[in-house]
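Right, one structure below, let's go through it.
Protein chains: 2
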Amino acid sequence: MPRQVFSTDAILDSAREVVVTRGVRGATVEAISRAAGVPVGSIYHRFNSLAELLAHTWLRAARRSQERALAVPVSLEQPLASAEAVALAMYDHCLEDPDDTLLLDSLGRAELLAMELGELRAELETVNERVETLMASLARALYGRADRRTRDLVLLALVDMPHGFAHRQLLSGARTPARRERLPVAVRAVLGEGAKG
Amino acid sequence: MPRQVFSTDAILDSAREVVVTRGVRGATVEAISRAAGVPVGSIYHRFNSLAELLAHTWLRAARRSQERALAVPVSLEQPLASAEAVALAMYDHCLEDPDDTLLLDSLGRAELLAMELGELRAELETVNERVETLMASLARALYGRADRRTRDLVLLALVDMPHGFAHRQLLSGARTPARRERLPVAVRAVLGEGAKG
DNA sequence: TTTGCTTTAGAACATTCGCTCTAGAACATA
DNA sequence: TATGTTCTAGAGCGAATGTTCTAAAGCAAA
């Protein structure tokens, strides 16, 4: 194997940086090429299209975020405590990986799905499966059912809320866990009195 | 004044629709022109550029959302109750104006500020002033100070959380206030025990 | 009717953008 | 050394995109 001067991860890092700083519209191949110091030919040697490059950037961020949440030990006998732990893990991850978090905030999955993606489309559609399974099992443990409404509620408490908590801190540049201690209480408030402890 | 066949609002509606359905990258002048049934010449007669058209679309949505929040009677003697009322108003507005809400979710202010905007840039930078003043006064009433951290906390509780509550419902097409009754409790949880009632 | 202004209408233009193509460099293996 | 493969490198191409331009239609006022 001949030398590989530029790492794929470095290209993804630059793509992420461009999306976050210049917006989705500013994420052109040339902008990414210049930010990374990588010629366009080398970019297209690794990625079939700009759409796939952006999708890979997004998928990497999404998977990292999920890994963190899925690594939390969950006890369905103590669903509320588990839910709090998952929410805290999500929040901590946001502060530890601010660039990935900002990317996920500014590049929506819907935006990607509107592009021409080929086989990658399937990955985008299935990437959330494990997390959704976790949410469903927590919903069942908490409420005795796992319909759309209860699953959305758990997603709100364990994914959206932690991201919301982290969002403004990241935008203002602060990287310290400002309101971390409030999160568990908020999670309980969202999940409600009816939830089994 | 000669006849005006197409209303400006109709163009903004179509721009919003295109952004929401096809993403920021799909929001081209031609796409908006076709969605609205308005020739590009007529669009450019009203807006100097695509960037300004998108900015106006965003500003209209943002202002409508703010009007609703600012119309809530706020008593600084009862800041927690006022905070709850503002949060509920935000949430209700999200469900009543789903298209504007989806637009604000998919078109970030940072994305707009990265474009060439001319005089409109100033409007984008000042549009949040009244809301920020309200948040600051609530922060002061709740915590006795209105530094960046306390203001962010109030913003989280009164703006981000209501949007988060509404977001998944809107994506799944549901237009009924599913978890509205949980919002006040969650607001109290975020604002914390230390807050003065 | 005539004049003048606003708006419609879309063809045409210039630029940007995504992508391809070809040449050569770097390295593994024979 | 010779050969084959992978990757770098960036000039260049065709299509898409933002914008302009000109002609004419509609309406108000003179």
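First to last, the sequence lines map onto chains Z and R.
Residue numbers 1 to 197, in our numbering, belong to the letters of the first sequence in order.
Residue numbers 1 to 197, in our numbering, belong to the letters of the second sequence in order.
C-beta atoms are modelled at their ideal positions from N, C-alpha and C, and glycine is treated no differently.
Return the CA-CA distance between residue i and residue j, expressed in angstroms with no decimal places.
{"i": "residue 47(R)", "j": "residue 28(Z)", "result": "25 Å"}
{"i": "residue 67(R)", "j": "residue 54(R)", "result": "20 Å"}
{"i": "residue 191(R)", "j": "residue 165(Z)", "result": "12 Å"}
{"i": "residue 80(Z)", "j": "residue 91(Z)", "result": "17 Å"}
{"i": "residue 13(Z)", "j": "residue 161(Z)", "result": "26 Å"}
{"i": "residue 105(R)", "j": "residue 45(R)", "result": "28 Å"}
{"i": "residue 138(R)", "j": "residue 167(Z)", "result": "21 Å"}
{"i": "residue 119(R)", "j": "residue 51(R)", "result": "12 Å"}
{"i": "residue 57(R)", "j": "residue 93(R)", "result": "17 Å"}
{"i": "residue 111(R)", "j": "residue 22(Z)", "result": "7 Å"}
{"i": "residue 10(Z)", "j": "residue 84(R)", "result": "45 Å"}
{"i": "residue 199(Z)", "j": "residue 163(Z)", "result": "The first residue shown for chain Z is 1 and the last is 197, placing residue 199(Z) beyond what the model contains."}
{"i": "residue 60(R)", "j": "residue 98(R)", "result": "14 Å"}
{"i": "residue 147(Z)", "j": "residue 140(Z)", "result": "9 Å"}
{"i": "residue 178(Z)", "j": "residue 142(Z)", "result": "28 Å"}
{"i": "residue 18(Z)", "j": "residue 109(R)", "result": "16 Å"}
{"i": "residue 150(Z)", "j": "residue 124(Z)", "result": "23 Å"}
{"i": "residue 40(Z)", "j": "residue 102(R)", "result": "34 Å"}
{"i": "residue 4(Z)", "j": "residue 36(Z)", "result": "15 Å"}
{"i": "residue 122(Z)", "j": "residue 182(R)", "result": "35 Å"}
{"i": "residue 82(Z)", "j": "residue 152(R)", "result": "27 Å"}
{"i": "residue 86(Z)", "j": "residue 74(Z)", "result": "8 Å"}
{"i": "residue 63(R)", "j": "residue 159(R)", "result": "14 Å"}
{"i": "residue 76(R)", "j": "residue 129(R)", "result": "19 Å"}
{"i": "residue 188(R)", "j": "residue 127(Z)", "result": "34 Å"}
{"i": "residue 144(R)", "j": "residue 42(R)", "result": "52 Å"}
{"i": "residue 184(R)", "j": "residue 114(Z)", "result": "36 Å"}
{"i": "residue 25(R)", "j": "residue 69(R)", "result": "30 Å"}
{"i": "residue 71(R)", "j": "residue 6(R)", "result": "31 Å"}
{"i": "residue 223(Z)", "j": "residue 117(Z)", "result": "A query on residue 223(Z) cannot be resolved here, the shown segment of chain Z reaching from 1 to 197 and no further."}
{"i": "residue 136(R)", "j": "residue 89(R)", "result": "18 Å"}
{"i": "residue 95(Z)", "j": "residue 31(Z)", "result": "27 Å"}
{"i": "residue 175(Z)", "j": "residue 38(R)", "result": "47 Å"}
{"i": "residue 180(R)", "j": "residue 8(Z)", "result": "45 Å"}
According to DSSP, is residue i part of a helix, a strand, or is it coil?
{"i": "residue 27(Z)", "result": "coil"}
{"i": "residue 147(Z)", "result": "coil"}
{"i": "residue 38(R)", "result": "coil"}
{"i": "residue 74(Z)", "result": "coil"}
{"i": "residue 118(Z)", "result": "coil"}
{"i": "residue 165(Z)", "result": "helix"}
{"i": "residue 127(R)", "result": "coil"}
{"i": "residue 184(R)", "result": "helix"}
{"i": "residue 177(R)", "result": "coil"}
{"i": "residue 193(Z)", "result": "coil"}
{"i": "residue 172(Z)", "result": "coil"}
Taking the continuous alpha helix (DSSP H) assigned at residue i, which residues delimit it?
{"i": "residue 4(Z)", "result": "Premise fails: residue 4(Z) is in no alpha helix (DSSP H) and is neither H nor E."}
{"i": "residue 68(Z)", "result": "50–70"}
{"i": "residue 17(Z)", "result": "8–22"}
{"i": "residue 101(R)", "result": "98–106"}
{"i": "residue 157(R)", "result": "Counting along the chain, residue 157(R) falls outside any alpha helix (DSSP H), and DSSP gives it neither H nor E."}
{"i": "residue 110(R)", "result": "109–113"}
Could you list the residues in the stretch 103–126 of chain Z with a C-beta less than 9 Å from some C-beta on chain R, going in chain order?
Residues 105, 106, 108, 110, 111, 112, 113, 114 and 115.
Taking any Cβ of chain Z, which residues in the stretch 124–156 of chain R have a Cβ under 8 Å from it, in chain order?
148, 149, 152, 153, 155 and 156
Members of the stretch 61–86 of chain R near chain Z, C-beta cut-off 9 Å:
none
Check each residue of the stretch 162–177 of chain Z: if its Cβ is closer than 9 Å to any Cβ of chain R, include it; give the result in chain order.
163, 164, 165, 167, 168, 169, 171, 172 and 174
Which residues of the stretch 9–23 of chain R have a Cβ closer than 7 Å to any Cβ of chain Z? Give them in chain order.
22 and 23
Within 9 Å of chain R by C-beta, residues of the stretch 185–196 of chain Z in sequence order:
If the cut-off is 9 Å between Cβ atoms, the stretch 185–196 of chain Z has 185, 186, 187, 188, 189, 190, 191, 192 and 193 near chain R.
So if I threshold CB-CB distances at 9 Å, which residues from the stretch 22–46 of chain Z count as touching chain R?
Per Cβ criterion, the list reads 22, 23, 24, 25, 26 and 27.
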